[in-house]
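Read through the structure below, which is laid out as structure tokens, and then see the notes.
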Amino acid sequence: MSSRFQEGAIGTVFMGIGTVVAIFVSSLIAAALLLLIGNVIHNGSEKFAKYWSLIWYAGVLSSANLLIMGILIRVTQDPNGGHLGLAILTKGNPLEPLHQVASLVNIFSVWEVFVVGIGLSIFAKISRGLGIVWAFIVILVLPALIIFGIGSISGTFGG
């Protein structure tokens, strides 16, 4: 019995570490993409640190989303009951790519797109509309494509 508890505890610790690493790496990639868009494509001149701080500033909105979802899951005792966006419309397995992509679209992610888009437009000196379009691609479209790609490769999507 104690070995099962240790495996569970160790698994929980590694899952927590993996989550922190994944958030850090995905933020690093998003900031690098914004730097590429702002400085290379649109001839901006800001340093990486500004794009990095923009991603972390907008990440506060994702944290608020996770906090509210956690409270809803705790109150309803239903792991599928805590969604604030389109994921509530999917009735499948939360590990399926369609459910994961649908969970990307909620009020907080839309708000995050606007925050990042406005920040990008200021840093790259482009129009707000164009900044929001680029932010939409970086914050929502690319993660959705990655989820669909991983799901297709692993066989959990479409089969």
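Each residue of the sequence shown is one higher than the last, beginning at -11 in my numbering.
Just so you know, even glycine gets a beta-carbon here, dropped at the ideal spot from N, CA and C.
Quantities reported herein were computed from a predicted structural model and do not represent experimental measurements.
- In the three-state DSSP reduction, G73 falls in the strand class (E or B).
- The closest CA to that of L49, considering only V103, A10, I141, S142, is found on V103.
- Leaving aside the five residues that flank N94 on each side, the residues in its chain whose CB is nearer than 6 Å to its CB run, in chain order, L72, G73.
- Close CB contacts of V126 within its chain, under the 8 Å cut and outside five residues either way in sequence, are with A18, L21, L22, I25, V104 (chain order).
- Within the stretch 88 to 139, the complete alpha helix (DSSP H) segments of 4 residues or longer fall at 95 to 112, 116 to 124, listed in chain order.
- In this chain, the alpha helix (DSSP H) harbouring K38 covers 36 to 64.
- Contact between the stretch 34 to 46 and the stretch 4 to 19 is present, with at least three C-beta pairs closer than 8 Å.
- Contact between A112 and H30 holds: CB atoms are separated by about 4 Å, below the 8 Å threshold.
- Between the alpha carbons of Q65 and K38 lies a gap of roughly 40 Å.
- If you draw a straight line from the Cα of I5 to the Cα of P131, it is about 20 Å long.
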